[in-house]
Amino acid sequence: MAALLEAAADPDYGATIVAVGSDREAAGLVRAQEAGVPTFIVPFSEYSDRSEWNRVLAARLAEFSPDLVVSAGFMRILGREVLQENTVINTHPALLPAFPGAHAVRDALDYGVKVTGATVHFVDEGVDTGPVIEQAVVRVEEGDDVATLHERIKTVERRMLVDVVGRLARHGWTLNDRQVKLGGAPSRDVTEENR
């Protein structure tokens, strides 16, 4: 989020951050407020079930009419209530479809891969199953542990996310089956039933 705020300060970037939201207090909210960007929190624990939380989150997002919702460091699975009304992208610290889920870096190391990386993808109702927009490779180095490898992946991930958001904002995209192509009118057709 901080990298996107910095990039969006340049008028040539092509994207404006209209709000920053979270499910809990987070340092990113303070950073956004300091930059003059509206913030909101929809605490998961305050709702009786996941569906109610998703409905409230969808309503909060609608207040800002975003063209694109960026999920970065947001460790909640978004439901149909959010995804039907919003185009959402996410970053993931592995080369999807390999190593989906919350422990991708650990899983890659345990598997013994020589390279891993980062993926930016559209979000669907699965866990890290949406169409891939961009990927970058990160080599696993001798002596890497989860923390050292994850730090190198996050560096690549941040640069890639800033680049992808800017390109999507400036050029739009089309989605044909699972193939993402930059350029053309944006398509919101990323849910499983519409493929």
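Counting with numbering that gives the first Met the number 0, you get residues 0 to 194 for the letters of the sequence shown. Positions of the beta carbon are idealized from the N, C-alpha and C atoms, including for glycine. Computed from a predicted structure; not experimentally measured.
Beta-carbon proximity of residue i to residue j, cut-off 9 Å
i: residue 56; j: residue 161; result: no
i: residue 84; j: residue 61; result: yes
i: residue 87; j: residue 69; result: yes
i: residue 104; j: residue 93; result: yes
i: residue 18; j: residue 65; result: yes
i: residue 78; j: residue 124; result: yes
i: residue 158; j: residue 181; result: no
i: residue 23; j: residue 0; result: no
i: residue 73; j: residue 89; result: yes
i: residue 134; j: residue 95; result: yes
Pairwise C-alpha distance: residue j and residue i
i: residue 16; j: residue 146; result: 30 Å
i: residue 67; j: residue 169; result: 12 Å
i: residue 126; j: residue 71; result: 14 Å
i: residue 36; j: residue 28; result: 9 Å
i: residue 21; j: residue 111; result: 34 Å
i: residue 194; j: residue 76; result: In this prediction, residue 194 has a pLDDT of 28, which is less than 50 and means its spatial position is unreliable; what the coordinates show is noted afterwards. One C-alpha to the other measures close to 20 Å.
i: residue 8; j: residue 43; result: 31 Å
i: residue 156; j: residue 119; result: 8 Å
i: residue 53; j: residue 144; result: 35 Å
i: residue 49; j: residue 99; result: 21 Å
i: residue 59; j: residue 141; result: 45 Å
Whole-number beta carbon distance between residue j and residue i, since they are thought to touch under 8 Å
i: residue 164; j: residue 14; result: 5 Å
i: residue 148; j: residue 136; result: So it is not a contact: roughly 13 Å between Cβ atoms.
*Three CB pairs or more closer than 8 Å across the stretch 128-141 and the stretch 169-182*: Contact between the stretch 128-141 and the stretch 169-182 is present, because at least three Cβ pairs lie under 8 Å.
*Whole beta strand (DSSP E) elements within the stretch 44-73, 3-residue minimum*: Counting only unbroken stretches of 3 or more residues, the beta strand (DSSP E) elements lying wholly within the stretch 44-73 are 68-70, in sequence order.
_With three or more C-beta pairs closer than 8 Å as the rule, is the stretch 105-121 touching the stretch 142-154?_
Between the stretch 142-154 and the stretch 105-121, the count of C-beta pairs closer than 8 Å reaches three or more; the two stretches touch.
*Go through the stretch 91-129 residue by residue and report every complete run of the beta strand (DSSP E) that reaches 3 residues or more, in order.*
Here the runs fully enclosed are 114-121.
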